[in-house]
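>
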Amino acid sequence: MGQGLPAKLAEHPTVRAVRARGTRQPPPVIDAAWLRELCLACGADDAAAVSLDQPDLAGEKPHALAAMPGTKALISLVARMNREDVRTPARSVANQEFHRTGEVINDAAREVVRALEDAGYRALNPSATFPMEMDRYPGRIWVVAHKTVAVAAGMGAMGIHRNVIHPRFGNFVLLATILVDAEVSEYGQRLDYNPCLECKLCVAACPIGAIAKDGAFDFRACATHNYREFMGGFTEWVETVADSGSGAEFRERVSDAENASMWQSLSFKPNYKAAYCMAVCPAGEDVINPYLEDRKEFLATVLKPLQDKVEPLYVQEGSAAQEYARRRFPHKPQRVVTGGFRAQ
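So for the sequence shown, full-length UniProt numbering puts the first residue at 1; every next one is plus one.
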């Protein structure tokens with residue numbers, strides 16, 4: 001090792017120690033069983049690898065290689081959430097569950113990467129949620145598309161609500177991805193069925209009609225309401241502060257409750273305003289029994305409380321979401337906003 005090094009470098013204590021110890025090359029192919037056990041021991045609830053050359057990942061390949069040149073495989077990690085925490089109308093509980101599970105899966109991914117590095121591999125774990133590459137906003141801010149990787153690795157399939165549904169845990173999961181510079185002895189395979197029941201409860205639960213019965217998805221409607229206290233809504237809130245001529249005018253434009261909610265998001269991580277599509281989903285082997293045993297009771301205890309909740313709905317002027325909310329949920333007051341989207 002290091003033939004032809006300059007004498008000064010060759011005699012450096014670090015170089016001499018490494019030469020004396022010798023180098024140990026890791027196996028060129030990672031054992032899949034060992035890798036899975038490692039992921040579970042580090043805190044994931046399920047895991048599988050997929051080759052970066054898998055055709056379904058063609059769109060992810062350049063992004064993965066840009067993040068870590070030499071990437072050969074991706075490891076999809078799954079962390080399950082506590083279902084009742086997500087289902088409750090008390091959204092502070094749901095948001096705490098989202099954020100805590102995000103921390104769990106990020107911690108698990110970091111531990112797996114540490115073990116892979118100790119074994120001699122190069123590995124990298126992009127954030128499961130935020131932070132992301134905000135210098136690219138409003139373009140692609142994520143390093144790797146966790147949902148795309150999870151589906152390719154057989155960790156689930158996309159439901160009509162655009163959430164990945166794990167065959168056991170349902171859509172009550174968060175995902176992470178690890179990039180590694182070696183092949184794996186066995187790769188996960190796409191599911192040969194979709195766990196989605198096409199029950200359309202997500203359609204019934206969404207307060208702004210972002211999910212249509214035919215499966216169409218209104219991204220702007222979802223982002224405007226559900227992500228009100230993320231990037232776009234925060235930008236609009238700041239613009240409201242800047243445009244107000246006085247404190248009194250600002251309070252006329254933004255209620256105390258909205259300001260308190262924004263403060264809470266800034267202090268304790270952003271609040272999702274709904275995510276009701278996830279809350280009501282009955283799919284998954286560990287999830288489905290209450291729905292099968294008494295669907296009427298399931299609707300009464302899971303769906304109806306979310307539909308009945310009095311809460312502000314954030315919609316854009318003249319949008320389909322505004323009309324849907326007015327017609328379907330007249331008891332939920334509307335707040336007309338831009339959603340942070342700039343006029344084209």
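Don't be surprised by glycine CBs; every beta carbon is placed ideally from N, CA and C.
Using the C-alpha atoms, what's the distance from T148 back to D56?
In the sequence shown, counting from the first residue as 1, residue 56 sits at position 56. In the sequence shown, counting from the first residue as 1, residue 148 sits at position 148. Approximately 8 Å, taken between the alpha carbons.
> Considering just the uninterrupted stretch of the beta strand (DSSP E) at I211, what are its terminal residues?
In the sequence shown, the residue the question calls residue 211 occupies position 211. Note, I211: premise wrong, no beta strand (DSSP E); not H, not E.
> Can you give me the C-alpha to C-alpha distance between L191 and N106, rounded to a whole angstrom?
Residue mapping note: residue 191 aligns to position 191 of the sequence shown, counting from 1. Residue mapping note: residue 106 aligns to position 106 of the sequence shown, counting from 1. Those two C-alpha atoms are separated by around 25 Å.
> Between A283 and I165, which are expected to be in contact by the criterion C-beta below 8 Å, what is the C-beta distance as a whole number of angstroms?
For the purposes of this step, residue 283 is identified with residue 283 of the sequence shown, where counting begins at 1. For the purposes of this step, residue 165 is identified with residue 165 of the sequence shown, where counting begins at 1. Contact holds; Cβ gap of about 5 Å.
> Under 8 Å by Cβ, that's how I've got S178 and A123 pegged, so tell me the actual separation to the nearest angstrom.
Within the sequence shown, numbered from 1, the residue matching residue 178 stands at position 178. Within the sequence shown, numbered from 1, the residue matching residue 123 stands at position 123. Sequence inspection shows Ile at residue 178; the Ser mentioned does not correspond to that position. So it is a contact: roughly 6 Å between Cβ atoms.
> Could you give the residue range of the beta strand (DSSP E) that holds L74?
Walking along the sequence shown from the start, residue 74 turns up at place 74. Element bounds for L74: A73 to R80.
> From E229 to Y193, what does the alpha carbon distance come to, in whole angstroms?
Counting from one through the sequence shown, the residue named residue 229 turns up at place 229. Counting from one through the sequence shown, the residue named residue 193 turns up at place 193. Roughly 36 Å separates the two Cα atoms.
> What do you get for Q322, buried or exposed, if any count of 16 or more other CB atoms within 10 angstroms of its CB means buried?
Along the sequence shown, read from residue 1 onward, the residue named residue 322 stands at position 322. Result: buried.
> Tell me, to the nearest whole angstrom, how far the beta carbon of residue 345 is from that of V173; I am working on the premise that it is less than 8 Å.
Nothing can be reported for residue 345: it is not among the residues displayed for the chain, which extend from 1 to 344.
> With a Cβ-Cβ cutoff of 9 Å, do F144 and E198 count as a contact?
Stepping through the sequence shown from its first residue, residue 144 is reached at position 144. Stepping through the sequence shown from its first residue, residue 198 is reached at position 198. The question names Phe, but residue 144 is Val in the sequence shown. No, Cβ-Cβ distance for V144 and E198 is not below 9 Å.
> When you compare the CB positions of V180 and A41, do they come within less than 9 Å of one another, or not?
To locate residue 180, count along the sequence shown from 1; it is residue 180. To locate residue 41, count along the sequence shown from 1; it is residue 41. Not a contact, by the Cβ cut-off of 9 Å.
> Please report how far the alpha carbon of V336 lies from the alpha carbon of P167, in whole angstroms.
Along the sequence shown, read from residue 1 onward, the residue named residue 336 stands at position 336. Along the sequence shown, read from residue 1 onward, the residue named residue 167 stands at position 167. V336 and P167: Cα-Cα distance of roughly 39 Å.
> Considering Cα atoms alone, identify which of V78, I288 and L313 is closest to A153.
Here residue 153 is taken as the residue at index 153 of the sequence shown, counted from 1. It is V78 whose Cα lies nearest to the Cα of A153.
> May I ask you to report which of helix, strand or coil DSSP gives A66?
Indexing the sequence shown from 1 puts residue 66 at position 66. Three-state result, A66: helix.
> Consult DSSP for Q334 and reduce its assignment to one of helix, strand or coil.
Mapped onto the sequence shown, residue 334 falls at position 334. It is a strand residue.
> Check whether the Cβ atoms of A7 and V184 lie closer than 9 Å to each other.
Walking along the sequence shown from the start, residue 7 turns up at place 7. Walking along the sequence shown from the start, residue 184 turns up at place 184. No.
> Look at the alpha carbon of V203 and the alpha carbon of E239, and state the distance between them as a whole number of angstroms.
For this step, residue 203 is matched to residue 203 along the sequence shown. For this step, residue 239 is matched to residue 239 along the sequence shown. If I take the Cα positions, the gap works out to 33 Å.
> Who are the Cβ neighbours of E111 in its own chain at under 6 Å, not counting the five residues just before and after it?
For the purposes of this step, residue 111 is taken as the residue at position 111 of the sequence shown. Excluding sequence neighbours, E111 sits near C42.
> From what residue to what residue does the alpha helix (DSSP H) around residue 345 run?
There is simply no residue 345 to check, as the chain begins at 1 and stops at 344 in what is shown.
> Go to I105, then tell me how far its alpha helix (DSSP H) extends in each direction, as first and last residue.
For the purposes of this step, residue 105 is taken as residue 105 along the sequence shown, with counting starting at 1. Taken as a continuous stretch (DSSP letters only), the alpha helix (DSSP H) holding I105 covers R91 to D118.
> Smallest Cα separation from M155: which of A119, A64 and P195?
Reading the sequence shown from its first residue, position 155 is the one you call residue 155. With distances taken between Cα atoms, M155 lies closest to P195.
> Consult DSSP for E183 and reduce its assignment to one of helix, strand or coil.
On the sequence shown, residue 183 is found 183 positions in, with the first residue counted as 1. Three-state result, E183: strand.
> What first and last residue would you give for the alpha helix (DSSP H) that runs through L40?
In the sequence shown, the residue the question calls residue 40 occupies position 40. Taken as a continuous stretch (DSSP letters only), the alpha helix (DSSP H) holding L40 covers A32 to A41.
> At the level of alpha carbons, what is the spacing between L306 and R328?
Position 306 of the sequence shown, counted from the start, is the residue given in the question as residue 306. Position 328 of the sequence shown, counted from the start, is the residue given in the question as residue 328. Taking the straight line from one Cα to the other gives about 13 Å.
> Let's see if you can read the secondary structure: which residues bound the alpha helix (DSSP H) around S319?
Position 319 of the sequence shown holds residue 319. Taken as a continuous stretch (DSSP letters only), S319 belongs to no alpha helix (DSSP H), as it is neither H nor E.
> How is the beta strand (DSSP E) around D46 delimited, first residue to last?
By one-based count along the sequence shown, residue 46 stands at place 46. Run containing D46: D46 to S51, per the beta strand (DSSP E) assignment.
> What residue range does the alpha helix (DSSP H) around Q264 cover?
The residue labelled residue 264 in the question sits at position 264 within the sequence shown. It spans D256 to F268 - the alpha helix (DSSP H) in which Q264 sits, taken as one unbroken run.
> Report the rounded CA-to-CA distance for L299 versus K309, giving the unit in angstroms.
Reading the sequence shown from its first residue, position 299 is the one you call residue 299. Reading the sequence shown from its first residue, position 309 is the one you call residue 309. Roughly 14 Å separates the two Cα atoms.
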